[in-house]
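Residues in the sequence shown are numbered from 1 upward in steps of one, following UniProt numbering. We put the beta carbon where it would ideally sit given N, CA and C, even for glycine.
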Amino acid sequence: MSKESISGGMIGMEKSAANRRRCPPESSSQKSSCFQIDTTSMKTNSEGPLYGETVQRKRGSQLQLLDLPKDILCSIISRLLLRDAIRTSILSSHWKYVWRDHTNLTFSCYTLKRGSFGCVVMGEHEFIATVDGVLLHSGTGVELLEFRHPLHNKHADHIDRWIQFAVVSKAKELILHLSNASRTSLSRNMPYELPAQRPQPYSFPCHMFGASEGSYLRCLQLSSVSLKLPVDFNGFPNLKKLIMVDVNITNEHVEYLLSKCSLLEFIEIACCRMLTTLRALRPLSRLEHLKVQDCIFVEQIEMKCGLTILEYSGLMVPLQFATTSTLRNVRIDLTSDTTALDYITKGFPSTLQHLEALNLRCNEHKRAISPVRPLKFIYLRHLRLELNIFGVNEHKKTDVLDYAYLLDCAPSLEKLELHMWMQCHHEIYHAGHGELRSLPLHQHTHLKSVYITGFFGHKDQVELALHILRSSIALKAMKIDSRVKIIPGGPYTSPAIYRTRHYLDGYMVATVFVQGADRNNVVEVTGAIQYSFAIIDGRARFCLISEPEF
(Lines of atoms letter the chains of each structure in order from A and count residues from 1; the text may use other names and numbers.)
(Lines give C-alpha, C1' and ligand atoms only; values in the text may rest on other atoms or scores of the structure.)
Protein backbone atom coordinates (compact mmCIF):
# COMPACT_ATOMS: atom_id res chain seq x y z
CA MET A 1 0.00 0.00 0.00
CA SER A 2 1.37 3.43 -0.96
CA LYS A 3 2.05 6.26 1.45
CA GLU A 4 -0.52 8.38 -0.42
CA SER A 5 -3.33 5.89 0.20
CA ILE A 6 -2.45 5.58 3.88
CA SER A 7 -2.37 9.34 4.40
CA GLY A 8 -5.60 9.72 2.44
CA GLY A 9 -7.31 7.16 4.65
CA MET A 10 -6.16 8.90 7.82
CA ILE A 11 -7.43 12.26 6.53
CA GLY A 12 -10.80 10.70 5.82
CA MET A 13 -11.01 9.28 9.35
CA GLU A 14 -10.16 12.67 10.85
CA LYS A 15 -12.86 14.39 8.79
CA SER A 16 -15.42 11.80 9.83
CA ALA A 17 -14.53 12.28 13.50
CA ALA A 18 -14.72 16.07 13.10
CA ASN A 19 -18.18 15.79 11.57
CA ARG A 20 -19.37 13.71 14.51
CA ARG A 21 -18.00 16.27 16.98
CA ARG A 22 -19.79 19.07 15.07
CA CYS A 23 -23.14 17.31 15.24
CA PRO A 24 -25.65 20.20 15.79
CA PRO A 25 -28.08 20.14 18.71
CA GLU A 26 -31.48 18.83 17.71
CA SER A 27 -34.86 20.13 18.62
CA SER A 28 -37.25 18.23 20.86
CA SER A 29 -39.11 16.93 17.77
CA GLN A 30 -35.98 15.69 16.04
CA LYS A 31 -34.10 12.51 16.59
CA SER A 32 -30.33 12.90 16.93
CA SER A 33 -27.91 10.54 15.28
CA CYS A 34 -25.36 11.30 17.99
CA PHE A 35 -24.94 8.92 20.91
CA GLN A 36 -26.79 10.28 23.96
CA ILE A 37 -27.48 9.29 27.55
CA ASP A 38 -31.00 9.69 28.89
CA THR A 39 -30.37 11.08 32.35
CA THR A 40 -33.97 10.49 33.37
CA SER A 41 -34.04 6.76 33.00
CA MET A 42 -30.23 6.32 32.84
CA LYS A 43 -30.78 4.33 29.59
CA THR A 44 -28.86 4.85 26.36
CA ASN A 45 -30.60 5.00 22.99
CA SER A 46 -28.24 2.28 21.88
CA GLU A 47 -29.57 -1.23 22.24
CA GLY A 48 -26.19 -2.79 21.58
CA PRO A 49 -24.52 -5.34 23.86
CA LEU A 50 -22.89 -4.16 27.10
CA TYR A 51 -19.87 -6.14 28.40
CA GLY A 52 -20.79 -9.05 26.18
CA GLU A 53 -24.42 -9.26 27.34
CA THR A 54 -27.61 -7.86 25.86
CA VAL A 55 -29.12 -5.43 28.31
CA GLN A 56 -32.85 -4.83 28.02
CA ARG A 57 -34.57 -2.34 30.29
CA LYS A 58 -38.03 -0.97 30.31
CA ARG A 59 -38.21 2.76 29.66
CA GLY A 60 -38.78 4.72 32.87
CA SER A 61 -37.94 1.83 35.25
CA GLN A 62 -36.15 3.02 38.40
CA LEU A 63 -34.42 1.16 41.20
CA GLN A 64 -35.99 1.90 44.59
CA LEU A 65 -34.29 1.31 47.92
CA LEU A 66 -37.50 -0.22 49.20
CA ASP A 67 -37.15 -2.91 46.53
CA LEU A 68 -34.23 -4.28 48.54
CA PRO A 69 -34.87 -7.14 50.97
CA LYS A 70 -35.85 -5.92 54.42
CA ASP A 71 -32.81 -7.37 56.15
CA ILE A 72 -30.45 -5.52 53.77
CA LEU A 73 -32.38 -2.27 54.17
CA CYS A 74 -32.30 -2.57 57.96
CA SER A 75 -28.58 -3.25 57.81
CA ILE A 76 -28.09 -0.01 55.85
CA ILE A 77 -30.20 1.99 58.31
CA SER A 78 -28.24 0.54 61.25
CA ARG A 79 -25.09 2.16 59.91
CA LEU A 80 -26.57 5.64 60.29
CA LEU A 81 -26.42 7.72 63.43
CA LEU A 82 -29.57 7.25 65.45
CA ARG A 83 -30.82 10.78 64.80
CA ASP A 84 -30.34 10.30 61.04
CA ALA A 85 -32.02 6.90 61.08
CA ILE A 86 -35.09 8.38 62.80
CA ARG A 87 -35.23 11.18 60.23
CA THR A 88 -35.73 8.65 57.45
CA SER A 89 -39.28 8.13 58.76
CA ILE A 90 -40.39 11.39 57.08
CA LEU A 91 -39.21 10.38 53.60
CA SER A 92 -42.39 8.47 52.78
CA SER A 93 -45.05 6.29 54.34
CA HIS A 94 -42.96 3.24 53.43
CA TRP A 95 -40.04 4.54 55.48
CA LYS A 96 -42.09 5.43 58.54
CA TYR A 97 -41.22 2.36 60.58
CA VAL A 98 -37.98 1.15 59.01
CA TRP A 99 -35.82 2.87 61.63
CA ARG A 100 -37.44 0.79 64.36
CA ASP A 101 -35.31 -2.15 63.26
CA HIS A 102 -32.11 -0.19 63.96
CA THR A 103 -29.93 -2.81 65.66
CA ASN A 104 -27.39 -0.38 67.18
CA LEU A 105 -28.95 2.16 69.53
CA THR A 106 -26.37 4.68 70.76
CA PHE A 107 -27.76 7.47 72.93
CA SER A 108 -25.49 10.47 73.48
CA CYS A 109 -25.56 14.20 72.88
CA TYR A 110 -23.69 13.67 69.63
CA THR A 111 -25.96 10.99 68.18
CA LEU A 112 -29.25 12.59 69.25
CA LYS A 113 -28.70 16.29 68.71
CA ARG A 114 -26.82 18.24 66.08
CA GLY A 115 -25.10 21.33 67.40
CA SER A 116 -23.58 24.42 65.80
CA PHE A 117 -19.83 24.31 65.23
CA GLY A 118 -19.63 20.89 66.91
CA CYS A 119 -20.95 22.19 70.25
CA VAL A 120 -23.70 19.98 71.62
CA VAL A 121 -25.46 20.64 74.91
CA MET A 122 -28.25 18.42 76.18
CA GLY A 123 -29.77 18.60 79.65
CA GLU A 124 -30.73 15.65 81.81
CA HIS A 125 -34.48 15.96 81.26
CA GLU A 126 -34.14 16.38 77.50
CA PHE A 127 -31.84 13.36 77.25
CA ILE A 128 -34.13 11.15 79.36
CA ALA A 129 -37.24 12.19 77.43
CA THR A 130 -35.53 11.52 74.09
CA VAL A 131 -34.31 8.07 75.13
CA ASP A 132 -37.72 7.12 76.51
CA GLY A 133 -39.42 8.23 73.30
CA VAL A 134 -37.08 6.24 71.06
CA LEU A 135 -37.23 3.06 73.14
CA LEU A 136 -41.03 3.27 73.24
CA HIS A 137 -41.21 2.83 69.47
CA SER A 138 -38.08 0.77 68.89
CA GLY A 139 -38.12 -2.91 67.95
CA THR A 140 -36.71 -5.77 69.99
CA GLY A 141 -33.90 -7.06 67.76
CA VAL A 142 -31.19 -4.86 69.30
CA GLU A 143 -27.54 -5.87 69.11
CA LEU A 144 -25.98 -2.82 70.80
CA LEU A 145 -27.49 -0.55 73.44
CA GLU A 146 -25.35 2.38 74.55
CA PHE A 147 -26.08 5.28 76.93
CA ARG A 148 -23.59 8.14 77.38
CA HIS A 149 -24.66 11.04 79.58
CA PRO A 150 -23.81 12.27 83.11
CA LEU A 151 -26.59 10.70 85.19
CA HIS A 152 -26.67 9.56 88.81
CA ASN A 153 -28.63 7.49 91.28
CA LYS A 154 -31.46 10.05 91.38
CA HIS A 155 -32.25 9.01 87.82
CA ALA A 156 -32.41 5.32 88.76
CA ASP A 157 -36.08 4.85 87.76
CA HIS A 158 -35.36 5.91 84.19
CA ILE A 159 -32.10 4.00 83.84
CA ASP A 160 -33.72 0.85 85.27
CA ARG A 161 -36.27 0.96 82.45
CA TRP A 162 -33.50 1.21 79.89
CA ILE A 163 -31.66 -1.77 81.39
CA GLN A 164 -34.92 -3.73 81.40
CA PHE A 165 -35.31 -2.92 77.70
CA ALA A 166 -31.81 -4.34 77.11
CA VAL A 167 -32.81 -7.53 78.92
CA VAL A 168 -36.09 -7.93 77.01
CA SER A 169 -34.51 -7.14 73.63
CA LYS A 170 -31.73 -9.67 74.31
CA ALA A 171 -29.02 -7.13 73.58
CA LYS A 172 -25.56 -8.60 73.08
CA GLU A 173 -23.64 -5.44 73.96
CA LEU A 174 -24.54 -3.01 76.76
CA ILE A 175 -22.59 0.21 77.39
CA LEU A 176 -23.52 2.43 80.33
CA HIS A 177 -21.28 5.50 80.56
CA LEU A 178 -22.77 7.88 83.12
CA SER A 179 -20.11 10.56 83.21
CA ASN A 180 -18.93 13.36 80.96
CA ALA A 181 -15.33 13.01 82.14
CA SER A 182 -12.75 11.57 79.80
CA ARG A 183 -10.46 8.72 80.80
CA THR A 184 -7.53 11.13 81.04
CA SER A 185 -9.33 13.55 83.35
CA LEU A 186 -10.52 10.68 85.56
CA SER A 187 -6.95 9.44 85.94
CA ARG A 188 -5.49 12.86 86.70
CA ASN A 189 -8.18 14.09 89.08
CA MET A 190 -8.76 10.88 91.03
CA PRO A 191 -5.94 11.40 93.60
CA TYR A 192 -7.22 14.90 94.39
CA GLU A 193 -10.99 14.32 94.35
CA LEU A 194 -12.85 13.54 97.57
CA PRO A 195 -15.77 11.05 97.49
CA ALA A 196 -18.03 13.63 99.14
CA GLN A 197 -17.60 15.91 96.15
CA ARG A 198 -19.31 13.43 93.82
CA PRO A 199 -23.02 12.65 93.59
CA GLN A 200 -24.15 9.16 94.51
CA PRO A 201 -23.53 6.89 91.51
CA TYR A 202 -26.23 4.79 89.90
CA SER A 203 -26.45 1.24 91.28
CA PHE A 204 -26.35 -1.24 88.40
CA PRO A 205 -29.27 -3.73 88.73
CA CYS A 206 -27.54 -7.11 88.43
CA HIS A 207 -30.72 -8.80 89.71
CA MET A 208 -32.42 -8.11 86.36
CA PHE A 209 -30.10 -10.58 84.65
CA GLY A 210 -31.35 -14.03 85.50
CA ALA A 211 -29.94 -17.36 84.38
CA SER A 212 -31.41 -17.04 80.88
CA GLU A 213 -31.40 -13.24 80.48
CA GLY A 214 -27.70 -12.88 81.22
CA SER A 215 -26.73 -15.52 78.68
CA TYR A 216 -27.33 -13.17 75.72
CA LEU A 217 -24.79 -10.57 76.82
CA ARG A 218 -21.40 -10.72 75.10
CA CYS A 219 -19.97 -7.32 76.05
CA LEU A 220 -20.58 -5.19 79.17
CA GLN A 221 -19.08 -1.73 79.67
CA LEU A 222 -19.81 0.18 82.88
CA SER A 223 -18.54 3.64 83.79
CA SER A 224 -19.26 5.80 86.86
CA VAL A 225 -21.70 3.38 88.47
CA SER A 226 -21.89 1.31 91.64
CA LEU A 227 -21.86 -2.48 91.40
CA LYS A 228 -23.03 -4.82 94.14
CA LEU A 229 -23.76 -8.43 93.29
CA PRO A 230 -26.65 -10.31 94.93
CA VAL A 231 -25.95 -13.62 96.64
CA ASP A 232 -27.91 -15.55 94.01
CA PHE A 233 -26.19 -13.81 91.08
CA ASN A 234 -26.14 -16.12 88.06
CA GLY A 235 -23.47 -14.22 86.19
CA PHE A 236 -22.99 -13.71 82.48
CA PRO A 237 -22.06 -17.18 81.22
CA ASN A 238 -21.32 -16.04 77.64
CA LEU A 239 -19.70 -12.68 78.39
CA LYS A 240 -16.45 -12.20 76.46
CA LYS A 241 -15.59 -8.56 77.13
CA LEU A 242 -15.85 -6.72 80.47
CA ILE A 243 -14.88 -3.07 80.98
CA MET A 244 -15.30 -1.25 84.31
CA VAL A 245 -14.16 2.37 84.57
CA ASP A 246 -14.69 4.46 87.71
CA VAL A 247 -16.90 1.76 89.21
CA ASN A 248 -17.52 1.49 92.94
CA ILE A 249 -16.93 -2.21 93.56
CA THR A 250 -15.15 -4.13 96.32
CA ASN A 251 -12.45 -6.78 96.04
CA GLU A 252 -14.88 -9.56 96.95
CA HIS A 253 -17.46 -8.54 94.37
CA VAL A 254 -14.85 -8.37 91.60
CA GLU A 255 -13.68 -11.88 92.44
CA TYR A 256 -17.28 -13.11 92.58
CA LEU A 257 -18.12 -11.46 89.25
CA LEU A 258 -15.11 -12.97 87.49
CA SER A 259 -15.97 -16.41 88.84
CA LYS A 260 -19.34 -16.19 87.07
CA CYS A 261 -17.87 -15.17 83.70
CA SER A 262 -15.71 -18.11 82.69
CA LEU A 263 -15.60 -17.25 78.96
CA LEU A 264 -14.03 -13.81 79.33
CA GLU A 265 -11.40 -12.95 76.73
CA PHE A 266 -10.83 -9.26 77.59
CA ILE A 267 -10.96 -7.46 80.96
CA GLU A 268 -10.34 -3.76 81.57
CA ILE A 269 -10.52 -2.23 85.04
CA ALA A 270 -9.60 1.44 85.43
CA CYS A 271 -9.94 4.22 88.01
CA CYS A 272 -11.74 2.02 90.55
CA ARG A 273 -11.11 3.68 93.92
CA MET A 274 -12.36 0.91 96.20
CA LEU A 275 -10.11 -1.84 94.86
CA THR A 276 -7.03 -2.88 96.82
CA THR A 277 -6.60 -6.39 95.40
CA LEU A 278 -7.53 -7.82 92.03
CA ARG A 279 -7.92 -11.56 92.36
CA ALA A 280 -9.43 -14.35 90.27
CA LEU A 281 -8.83 -17.71 91.92
CA ARG A 282 -11.07 -19.62 89.52
CA PRO A 283 -9.42 -20.35 86.17
CA LEU A 284 -10.13 -17.99 83.28
CA SER A 285 -8.80 -20.24 80.56
CA ARG A 286 -9.90 -18.01 77.66
CA LEU A 287 -8.66 -14.69 79.03
CA GLU A 288 -6.08 -13.25 76.64
CA HIS A 289 -5.97 -9.51 77.36
CA LEU A 290 -5.93 -7.85 80.81
CA LYS A 291 -5.85 -4.07 81.21
CA VAL A 292 -5.57 -2.47 84.67
CA GLN A 293 -5.10 1.29 84.77
CA ASP A 294 -4.90 3.91 87.51
CA CYS A 295 -6.46 1.92 90.36
CA ILE A 296 -4.29 3.86 92.80
CA PHE A 297 -4.97 1.69 95.86
CA VAL A 298 -4.37 -1.72 94.26
CA GLU A 299 -1.53 -3.54 96.02
CA GLN A 300 -1.67 -6.96 94.38
CA ILE A 301 -2.89 -8.66 91.21
CA GLU A 302 -3.34 -12.44 91.27
CA MET A 303 -5.19 -14.26 88.52
CA LYS A 304 -5.36 -17.85 87.30
CA CYS A 305 -5.02 -17.29 83.60
CA GLY A 306 -2.53 -17.45 80.77
CA LEU A 307 -2.48 -14.00 79.19
CA THR A 308 -1.17 -12.97 75.80
CA ILE A 309 -1.39 -9.19 76.35
CA LEU A 310 -0.99 -7.29 79.64
CA GLU A 311 -1.42 -3.54 80.17
CA TYR A 312 -0.82 -2.11 83.62
CA SER A 313 -0.61 1.45 84.92
CA GLY A 314 -0.05 2.29 88.58
CA LEU A 315 2.29 1.57 91.48
CA MET A 316 4.83 -1.22 91.25
CA VAL A 317 2.90 -4.16 92.73
CA PRO A 318 3.27 -7.96 92.63
CA LEU A 319 1.84 -9.42 89.41
CA GLN A 320 1.02 -13.11 89.73
CA PHE A 321 -0.47 -15.30 87.01
CA ALA A 322 -1.00 -19.03 86.62
CA THR A 323 1.54 -18.98 83.80
CA THR A 324 3.58 -16.32 82.04
CA SER A 325 4.81 -18.50 79.20
CA THR A 326 2.04 -17.20 76.91
CA LEU A 327 2.68 -13.48 77.52
CA ARG A 328 3.89 -11.90 74.29
CA ASN A 329 2.98 -8.19 74.58
CA VAL A 330 3.38 -6.15 77.80
CA ARG A 331 2.78 -2.45 78.43
CA ILE A 332 3.56 -1.11 81.92
CA ASP A 333 3.34 2.50 83.12
CA LEU A 334 4.84 2.78 86.60
CA THR A 335 4.02 5.75 88.80
CA SER A 336 6.55 4.59 91.41
CA ASP A 337 10.10 5.93 91.36
CA THR A 338 12.15 3.17 89.78
CA THR A 339 14.48 2.98 86.83
CA ALA A 340 13.34 1.13 83.76
CA LEU A 341 16.59 -0.83 83.61
CA ASP A 342 16.21 -2.11 87.18
CA TYR A 343 12.60 -3.09 86.58
CA ILE A 344 13.38 -4.93 83.35
CA THR A 345 16.24 -6.93 84.85
CA LYS A 346 14.89 -7.52 88.37
CA GLY A 347 11.13 -6.95 88.22
CA PHE A 348 8.19 -8.61 86.51
CA PRO A 349 9.58 -8.49 82.93
CA SER A 350 12.57 -10.59 84.03
CA THR A 351 10.21 -13.58 84.36
CA LEU A 352 8.89 -13.29 80.80
CA GLN A 353 11.28 -15.31 78.71
CA HIS A 354 8.94 -15.44 75.68
CA LEU A 355 8.24 -11.70 75.56
CA GLU A 356 8.10 -10.22 72.05
CA ALA A 357 7.07 -6.58 72.68
CA LEU A 358 7.65 -4.45 75.78
CA ASN A 359 6.44 -0.89 76.35
CA LEU A 360 7.69 0.52 79.66
CA ARG A 361 7.31 3.96 81.22
CA CYS A 362 9.21 4.92 84.38
CA ASN A 363 10.25 7.89 86.50
CA GLU A 364 14.04 8.07 86.69
CA HIS A 365 15.48 9.76 89.79
CA LYS A 366 18.65 7.72 90.29
CA ARG A 367 21.11 5.62 88.35
CA ALA A 368 20.25 2.01 87.61
CA ILE A 369 22.31 -0.85 89.00
CA SER A 370 23.15 -3.25 86.20
CA PRO A 371 23.02 -6.93 87.15
CA VAL A 372 26.21 -8.96 87.25
CA ARG A 373 24.76 -11.79 85.15
CA PRO A 374 22.93 -10.46 82.10
CA LEU A 375 19.43 -11.69 81.27
CA LYS A 376 18.47 -12.81 77.82
CA PHE A 377 15.19 -11.87 76.16
CA ILE A 378 15.80 -13.98 73.08
CA TYR A 379 12.31 -13.41 71.61
CA LEU A 380 12.06 -9.64 72.23
CA ARG A 381 11.55 -7.83 68.92
CA HIS A 382 10.16 -4.41 69.89
CA LEU A 383 11.21 -2.32 72.91
CA ARG A 384 9.71 1.09 73.68
CA LEU A 385 10.98 3.03 76.71
CA GLU A 386 9.41 6.24 78.00
CA LEU A 387 11.74 7.79 80.56
CA ASN A 388 10.81 10.76 82.75
CA ILE A 389 14.29 11.83 83.85
CA PHE A 390 14.30 14.13 86.88
CA GLY A 391 17.16 15.84 88.67
CA VAL A 392 17.69 16.86 92.30
CA ASN A 393 18.48 20.58 92.49
CA GLU A 394 18.36 20.55 88.70
CA HIS A 395 21.26 18.06 88.48
CA LYS A 396 20.40 14.55 87.36
CA LYS A 397 21.86 11.45 88.95
CA THR A 398 20.94 9.17 86.07
CA ASP A 399 23.09 7.97 83.20
CA VAL A 400 21.35 7.31 79.90
CA LEU A 401 24.37 5.39 78.61
CA ASP A 402 23.44 2.56 81.00
CA TYR A 403 20.67 1.58 78.59
CA ALA A 404 23.25 0.33 76.12
CA TYR A 405 23.11 -2.81 78.27
CA LEU A 406 19.73 -3.65 76.71
CA LEU A 407 21.34 -4.42 73.37
CA ASP A 408 23.10 -7.34 75.05
CA CYS A 409 19.88 -8.44 76.78
CA ALA A 410 17.84 -8.58 73.57
CA PRO A 411 19.94 -10.10 70.78
CA SER A 412 16.89 -10.41 68.48
CA LEU A 413 15.68 -6.82 68.95
CA GLU A 414 14.53 -5.25 65.67
CA LYS A 415 12.92 -1.96 66.76
CA LEU A 416 14.00 0.33 69.60
CA GLU A 417 12.17 3.47 70.74
CA LEU A 418 13.55 5.76 73.43
CA HIS A 419 11.38 8.74 74.42
CA MET A 420 12.76 11.07 77.09
CA TRP A 421 11.36 13.89 79.21
CA MET A 422 14.36 15.74 80.68
CA GLN A 423 13.30 17.61 83.82
CA CYS A 424 16.81 18.52 84.90
CA HIS A 425 19.57 21.04 84.34
CA HIS A 426 20.08 21.70 80.63
CA GLU A 427 23.70 21.55 79.55
CA ILE A 428 24.68 20.40 76.08
CA TYR A 429 27.86 18.49 75.41
CA HIS A 430 31.01 20.50 74.70
CA ALA A 431 34.76 19.96 74.86
CA GLY A 432 34.91 20.99 78.50
CA HIS A 433 33.01 17.83 79.44
CA GLY A 434 35.91 15.67 78.32
CA GLU A 435 36.01 12.92 75.75
CA LEU A 436 32.91 10.93 74.96
CA ARG A 437 32.83 7.57 76.71
CA SER A 438 32.65 4.39 74.68
CA LEU A 439 31.65 0.89 75.73
CA PRO A 440 32.95 -2.39 74.31
CA LEU A 441 31.17 -3.01 71.03
CA HIS A 442 29.23 -6.23 70.52
CA GLN A 443 27.77 -6.51 67.06
CA HIS A 444 23.97 -6.53 67.07
CA THR A 445 22.75 -8.27 63.94
CA HIS A 446 18.97 -7.69 64.08
CA LEU A 447 18.33 -4.06 65.11
CA LYS A 448 16.95 -2.23 62.08
CA SER A 449 15.02 0.80 63.39
CA VAL A 450 15.82 3.28 66.19
CA TYR A 451 13.70 6.28 67.20
CA ILE A 452 14.91 8.72 69.89
CA THR A 453 12.97 11.79 71.07
CA GLY A 454 13.66 14.40 73.74
CA PHE A 455 17.28 14.51 72.59
CA PHE A 456 18.63 17.75 74.10
CA GLY A 457 22.30 17.13 73.38
CA HIS A 458 23.37 16.01 76.85
CA LYS A 459 26.63 14.07 76.97
CA ASP A 460 25.16 10.71 77.99
CA GLN A 461 22.51 11.01 75.26
CA VAL A 462 25.21 11.49 72.64
CA GLU A 463 27.19 8.53 74.00
CA LEU A 464 24.20 6.19 73.89
CA ALA A 465 23.25 7.22 70.35
CA LEU A 466 26.81 6.66 69.13
CA HIS A 467 27.00 3.25 70.83
CA ILE A 468 23.78 2.11 69.15
CA LEU A 469 24.93 3.45 65.78
CA ARG A 470 28.30 1.69 65.92
CA SER A 471 27.02 -1.61 67.34
CA SER A 472 24.06 -2.18 65.00
CA ILE A 473 25.41 -3.57 61.74
CA ALA A 474 21.91 -4.16 60.27
CA LEU A 475 20.60 -0.68 61.09
CA LYS A 476 18.49 0.86 58.33
CA ALA A 477 17.06 3.97 60.02
CA MET A 478 17.92 6.00 63.12
CA LYS A 479 15.69 9.02 63.71
CA ILE A 480 16.70 11.53 66.38
CA ASP A 481 14.15 14.20 67.32
CA SER A 482 15.05 16.97 69.76
CA ARG A 483 11.36 17.59 70.55
CA VAL A 484 9.60 15.85 73.43
CA LYS A 485 6.87 13.35 72.56
CA ILE A 486 5.83 12.25 76.06
CA ILE A 487 4.43 14.17 79.02
CA PRO A 488 4.63 12.93 82.64
CA GLY A 489 1.39 12.51 84.52
CA GLY A 490 0.05 15.50 86.40
CA PRO A 491 -2.04 18.56 85.59
CA TYR A 492 0.87 21.02 85.49
CA THR A 493 3.29 19.47 83.00
CA SER A 494 3.45 20.68 79.42
CA PRO A 495 6.02 20.83 76.61
CA ALA A 496 5.70 24.61 76.89
CA ILE A 497 8.19 24.60 79.79
CA TYR A 498 10.92 23.91 77.26
CA ARG A 499 12.28 26.82 75.31
CA THR A 500 13.12 26.61 71.66
CA ARG A 501 16.77 26.68 72.75
CA HIS A 502 16.45 23.10 74.07
CA TYR A 503 15.32 21.84 70.69
CA LEU A 504 17.93 23.80 68.77
CA ASP A 505 20.74 22.58 71.04
CA GLY A 506 19.65 18.98 70.63
CA TYR A 507 19.37 19.38 66.87
CA MET A 508 22.83 20.92 66.61
CA VAL A 509 24.58 18.32 68.79
CA ALA A 510 22.87 15.37 67.08
CA THR A 511 23.79 16.76 63.67
CA VAL A 512 27.44 17.35 64.51
CA PHE A 513 28.30 14.33 66.65
CA VAL A 514 25.85 11.57 65.68
CA GLN A 515 25.00 12.29 62.08
CA GLY A 516 28.62 13.30 61.55
CA ALA A 517 29.72 9.80 62.63
CA ASP A 518 27.23 8.08 60.32
CA ARG A 519 28.99 6.16 57.55
CA ASN A 520 25.91 4.43 56.13
CA ASN A 521 23.55 7.40 55.75
CA VAL A 522 20.95 6.01 58.17
CA VAL A 523 20.71 8.90 60.67
CA GLU A 524 17.95 11.51 60.33
CA VAL A 525 17.88 14.49 62.71
CA THR A 526 14.71 16.56 63.22
CA GLY A 527 13.47 19.13 65.70
CA ALA A 528 14.46 22.59 64.43
CA ILE A 529 12.39 23.50 61.40
CA GLN A 530 14.58 26.33 60.09
CA TYR A 531 17.86 27.67 61.34
CA SER A 532 20.74 29.86 60.24
CA PHE A 533 24.45 29.72 60.98
CA ALA A 534 26.29 32.89 61.91
CA ILE A 535 29.45 34.17 63.60
CA ILE A 536 28.46 36.22 66.66
CA ASP A 537 31.11 37.71 68.97
CA GLY A 538 33.70 35.54 67.31
CA ARG A 539 31.79 32.32 68.03
CA ALA A 540 29.80 30.10 65.67
CA ARG A 541 26.13 30.02 66.62
CA PHE A 542 22.93 28.47 65.31
CA CYS A 543 19.93 30.81 65.25
CA LEU A 544 16.36 29.51 65.17
CA ILE A 545 14.14 31.17 62.59
CA SER A 546 10.78 29.42 63.09
CA GLU A 547 9.22 27.60 66.02
CA PRO A 548 9.36 23.78 65.97
CA GLU A 549 6.10 21.92 65.45
CA PHE A 550 4.67 19.68 68.15
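Worksheet item: Quick one: any contact between the region 222-233 and the region 301-316, if contact means 3 or more CB pairs under 8 Å?
Response: no
Worksheet entry | Boundaries (first-last residue) of the alpha helix (DSSP H) holding T276 | Segment: none, T276 is in no alpha helix (DSSP H) and carries neither H nor E.
Worksheet item: Is the Cβ-Cβ distance between A404 and L380 less than 8 Å?
Response: No, Cβ-Cβ distance for A404 and L380 is not below 8 Å.
Discussion item. In the DSSP output, which residue or residues are listed as bridge partners for S412?
Written reply: In DSSP, S412 forms no bridge with anything.
Practice prompt. Please name the residue in Y256, S412, K291, G235 whose C-alpha comes closest to that of V211.
Written response: Residue 211 is actually Ala in this sequence, not Val. Comparing Cα positions, the closest option is G235.
Discussion item. Judging by CA-CA distance, which residue of L375, A357, R331, A474 is the nearest neighbour of S350?
Written reply: Across the set L375, A357, R331, A474, the C-alpha of L375 shows the shortest separation from the C-alpha of S350.
Worksheet item: How would you call S182, buried or exposed, if buried means at least 16 neighbouring beta carbons within 10 angstroms?
Response: exposed
Discussion item. Runs of 4 residues minimum, wholly inside the region 226-310: which ones carry the alpha helix (DSSP H) assignment?
Written reply: Positions of the alpha helix (DSSP H) runs, each at least 4 residues long and wholly inside the region 226-310, are given as 251-259 in order along the chain.
Discussion item. Whole angstroms are fine: how far does the CA of D460 sit from the CA of G434?
Written reply: If you take the alpha carbons of G434 and D460, they lie about 12 Å apart.
Worksheet entry | Nonlocal neighbours in the same chain, by C-beta distance under 6 Å from L174, ignoring five residues either side | L145, A166, L220
Worksheet entry | Beta carbon of K260 nearer than 8 Å to that of L284 | no
Worksheet item: Among L105, Q293, I243, T250, which one has its Cα closest to the Cα of R279?
Response: T250
Worksheet item: With which residues is F147 paired in a DSSP beta bridge?
Response: F107, L176
Fill in: Contact set for E268: own chain, Cβ-Cβ below 6 Å, skip 5 residues either direction
I243, K291
Item to complete: Identify the continuous alpha helix (DSSP H) that holds F165 and give its terminal residues.
Response: 156-168
Worksheet item: With a cut-off of 8 Å, do at least 3 Cβ pairs link the region 352-366 to the region 382-401?
Response: yes
Practice prompt. Would you decide whether P318 is buried or exposed? Buried here means 16 or more other CB atoms lie within 10 Å of its CB.
Written response: Counting of Cβ neighbours within 10 angstroms places P318 among the exposed residues, the total staying below 16.
Discussion item. According to DSSP, simplified to helix, strand and coil, what is R331?
Written reply: strand
Worksheet item: Under a three-way DSSP split, which group does L136 fall into?
Response: Residue state, collapsed to three classes: helix.
Fill in: Three-way DSSP call (helix, strand, coil) for C424 in this model
coil
Practice prompt. Tell me whether E364 sits in a helix, a strand or coil according to DSSP, three-state version.
Written response: strand
Practice prompt. Would you grab the beta carbon distance between I301 and Q320 for me? Rounded to a whole angstrom, and I think it's under 8 Å.
Written response: That belief holds up - the Cβ atoms of I301 and Q320 are roughly 7 Å apart, short of 8 Å.
Discussion item. Please report the distance separating the alpha-carbon of N521 from that of R328.
Written reply: Going by the C-alpha atoms only, they are around 33 Å apart.
Worksheet item: Taking T338 as the reference, which of T324, L352, L315 has the closest Cα?
Response: L315
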